[in-house]
């Protein structure tokens, strides 16, 4: 198994499950489940035990591996060299399970839905561009930018709202940008995170073929997950594109005065999506954007930037729900953390975070106290009440 | 040779299942079209007095085989008895309900008699002396009209579809002499599911509750019970600990395909819709008129489920009272009585 | 134990199902073909029985060339060999004819146990399993959610209208699967391709001694004369009477016309 030797480098210091100041636990699955095996160090040793045949594959083993949200906090916190490929190791261990066919039913169903139906919801391909109706964004045909929306933005009702609000900003700015609509296929980021590297390769190759055939050079993604796949993984398959997350382009457009943020007197805080922040290194652009909104009051949550607490939706969990909900689910903890800032708006930049946190707001019963809004909505004065 | 329609009844917990009355009503309607007699075979634990209920729905002859041991041998013994009966009576049509028991029986009988079978039939037409049977295919995404060559034609009617119709007559009751013989399979146990819980994935009617119930599933359960349906829950309800994960309908729960799905206090996130969008009829009750579920429903009521559901329950109890186990009313009968 | 699993390749019903111009078949261009989900339970259960009792799992399928994918998927899951009855004259066979063809093939295959899906998701017939058992003169037990094999007997737990019925029988037996029997293992696409190495025998109707006139279109007892699409959901009809009672009455009235909401 690739990266197997890394398991010998972990000596269970436990730093991986903490936040930067070691003041709090910052590993989403550890927060939820409480057992050491659900923390990175524990997973490491479990994988080592499996590699050395001390344990067999079991439902529990699968659950432990598949509840990792791939948030990358452990990569930040680990003090050993193994930190570089820490998540790759977990992915390799998952690939071993996938190869055997030994994956939890929810994970299996996610793979099957993507490979048979092209999306996790088994919705028809023809519905894929429907979010764009009436927005005025064109189908990509030699435009400067491709706006890549992804599965969640195309089908999930909250994701579609975000796609619509982001696309509206681009259209208002007069940008040369088009979307694939019906032709769009899954980026595969979460397929890879779940260990199905063969299905990921297929998706990557199909996407690269499609983008090249269309003459796509610059891609703007709605979803940080796609941002990660296109930027980091696709070049390995010969797909070289200029990839930006929509927040980066927003900042450029604001600086060029192509878009003018409406003023707002809201008090907001910002949640760093793991695939934009820790994985993507983009922490400043969203904050710069918020600074450009006249009148907006911004304050940071306790854990922010590299230290942000994951919403729990990564690692395919958004689709498989392996992590589950409950009071100690990371999303609900994060909402409580946002409430501590006294803010009325929790700004997000990822459609998965948007839904995870919105569901958590409802579960906490704090709908009247805090609203989830994406950056595009914030530029327009905040989410419609 | 006079034409005959043979209806096979099903006993459930000491009474005829609703589908038996549905099948019998349909049998009566067919018989009236082809000038035939309706013979009903009652196999299993049924006293003569109870069997006479079938007169209400148009039975001409009732064959009673009161043999407790029939149920112990499973499908084989039923099929053996019915094979003999079918060869004696030579009916044009054999009708039964497509319950699990009925499907099992119909399939084996079809092969035994080398007779064509319309499984889960939702409609029967007679034109120019030829029968056309309608049934769902491809998970209900396609409706097929089929013709069956030869006789008998076996029809397993889908429950909750054929209209029950009162058609009272004086029936002749005969004892059906059967030799059960030894079946190849032996039923060694039968356990009714705990709390009469209905398996959601195969349920025909489901009433589901979500966040809007605020944890009180009382109205949901009451409505489900009245409709003989299963109780489902959204992820929010399961997440909050109000219902077990087993009840969750949705992408990461159960995928269901009932004839009727009533969503109460459920907003309609795509993850939930993925679990029930193939339901034939979807009804939504939600206090929020903007809830996404309405866009995917056939009928919707904006309102407080704690007021709306009791109103529905009340209406059902009034219009369709259970007057005891043996004499259900059907819509046609109600309108006849009123006017 | 010699276990034979019957598998069928069916259209994925989640996808677009469109009726062709002839009005009696489906448009095939946009169809994704998959192994019948109930057959996946069958293959998985066979593999588990082999894991505990030893033996061999053979997959038997009737269908056109494309059926090979379903067979290979089963082989990739772990089945030992496949038998593919591929004969254009068999196309259009109804359930009874399909049963006859499969039974004819089974006469030459050793079996202690045959497992089939309770129904195929295309015709939703529920019949082929029972038909095969009948033609082989072995018992059939349908909708099995759990089974144990002890000695030469099998004990099946089946779901039957809200009850769990336990049925015992000597082997050989044919049983059909119910959802919940097991969770089928996942197979990666490369593993399906690798399964090409496992043997698949091809058989024709002639090999099985079947007269084409008794199966296929000529042998149909049941014929499809028309296919229709069910009425599409036309958009919600909101009930907007003044009171909850009025809305409730309206709803009950509407529903009672469509579904039997009366009680027995």
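Chains as they are written, first to last, in the working numbering: chain A, 662 to 1046; chain B, -19 to 319; chain C, 12 to 275. For glycine and all other residues, C-beta sits at the position ideal for the given N, C-alpha and C.
Could you give the C-beta distance for residue i and residue j, rounded to a whole number, given that I count them as a contact under 8 Å?
i, j, result
"residue 229 of chain B", "residue 255 of chain B", "4 Å"
"residue 941 of chain A", "residue 889 of chain A", "6 Å"
"residue 129 of chain C", "residue 137 of chain C", "6 Å"
"residue 271 of chain C", "residue 140 of chain B", "4 Å"
"residue 161 of chain B", "residue 60 of chain B", "6 Å"
"residue 865 of chain A", "residue 900 of chain A", "7 Å"
"residue 974 of chain A", "residue 1013 of chain A", "4 Å"
"residue 883 of chain A", "residue 814 of chain A", "4 Å"
"residue 765 of chain A", "residue 727 of chain A", "6 Å"
Does the separation of the CB atoms of residue i and residue j fall below 7 Å?
i, j, result
"residue 90 of chain B", "residue 47 of chain B", "no"
"residue 968 of chain A", "residue 25 of chain C", "no"
"residue 14 of chain C", "residue 68 of chain C", "yes"
"residue -15 of chain B", "residue 11 of chain B", "yes"
"residue 143 of chain B", "residue 180 of chain B", "no"
"residue 85 of chain C", "residue 18 of chain C", "yes"
"residue 881 of chain A", "residue 801 of chain A", "no"
"residue 729 of chain A", "residue 751 of chain A", "yes"
"residue 1009 of chain A", "residue 1035 of chain A", "yes"
"residue 110 of chain C", "residue 127 of chain C", "no"
"residue 93 of chain B", "residue 50 of chain B", "no"
"residue 678 of chain A", "residue 700 of chain A", "yes"
"residue 930 of chain A", "residue 1002 of chain A", "yes"
Take the Cβ of residue i as the centre, count every other Cβ of all protein chains shown within 10 Å, and call the residue buried at 16 or more, exposed below.
i, result
"residue 672 of chain A", "exposed"
"residue 31 of chain C", "exposed"
"residue 161 of chain C", "exposed"
"residue 819 of chain A", "buried"
"residue 640 of chain A", "The structure shown does not extend to residue 640 of chain A, since chain A spans only 662 to 1046, so no value can be given for it."
"residue 917 of chain A", "exposed"
"residue 245 of chain C", "exposed"
"residue 105 of chain C", "buried"
"residue 696 of chain A", "exposed"
"residue 674 of chain A", "exposed"
"residue 1029 of chain A", "exposed"
"residue 317 of chain B", "Unreliable positioning characterises residue 317 of chain B in this predicted model, as indicated by a pLDDT of 23, which lies under 50. The coordinate reading is nonetheless provided below. It is exposed - the Cβ of residue 317 of chain B has fewer than 16 other Cβ atoms within 10 Å."
"residue 877 of chain A", "buried"
"residue 993 of chain A", "buried"
"residue 874 of chain A", "exposed"
"residue 199 of chain C", "buried"
Cβ of residue i less than 7 Å from any chain A Cβ?
i, result
"residue 50 of chain C", "no"
"residue 313 of chain B", "Its pLDDT being 28, under 50, residue 313 of chain B is placed unreliably in this model, and the coordinates cannot settle the point."
"residue 78 of chain C", "no"
"residue 27 of chain C", "yes"
"residue 272 of chain B", "yes"
"residue 181 of chain B", "no"
Against chain C, with Cβ distances strictly below 7 Å, would residue i count as a contact?
i, result
"residue 1008 of chain A", "no"
"residue 785 of chain A", "yes"
"residue 764 of chain A", "yes"
"residue 780 of chain A", "no"
Taking 7 Å as the CB-CB cut-off, is residue i touching chain B?
i, result
"residue 982 of chain A", "yes"
"residue 258 of chain C", "yes"
"residue 242 of chain C", "no"
"residue 767 of chain A", "yes"
"residue 1047 of chain A", "Past the boundaries of the shown model lies residue 1047 of chain A; chain A is included only from 662 to 1046, so the question cannot be answered."
"residue 145 of chain C", "yes"
"residue 986 of chain A", "yes"
"residue 103 of chain C", "no"
Subject >> Three or more C-beta pairs below 8 Å linking the segment 261 to 273 of chain B and the segment 206 to 220 of chain B >> reply: Flag = no, the segment 261 to 273 of chain B and the segment 206 to 220 of chain B do not touch.
Original post:
Does the pairing of the segment 286 to 294 of chain B with the segment 250 to 259 of chain C give three or more beta-carbon distances under 8 Å?
Top reply: These segments touch.
Original post:
Does the segment 770 to 789 of chain A come close enough to the segment 838 to 854 of chain A to have 3 or more Cβ pairs within less than 8 Å?
Top reply: Contact holds: three or more Cβ-Cβ distances are below 8 Å.
Subject >> Touch test, the segment 74 to 81 of chain B against the segment 189 to 203 of chain B, Cβ-Cβ under 8 Å, three pairs minimum >> reply: Counting C-beta pairs with one atom in each stretch, the segment 74 to 81 of chain B and the segment 189 to 203 of chain B have fewer than three that are closer than 8 Å, which means they do not touch.
Original post:
Does the segment 205 to 212 of chain C touch the segment 98 to 116 of chain B, meaning 3 or more C-beta pairs lie closer than 8 Å?
Top reply: As far as the Cβ criterion goes, the segment 98 to 116 of chain B does not touch the segment 205 to 212 of chain C, which means the pair count is below three.
Original post:
Is the segment 34 to 42 of chain B in contact with the segment -1 to 9 of chain B, if contact means three or more CB pairs nearer than 8 Å?
Top reply: These segments touch.
Original post:
So does the segment 211 to 224 of chain C actually touch the segment 178 to 188 of chain C, counting three or more Cβ pairs closer than 8 Å?
Top reply: The segment 211 to 224 of chain C vs the segment 178 to 188 of chain C: no contact.
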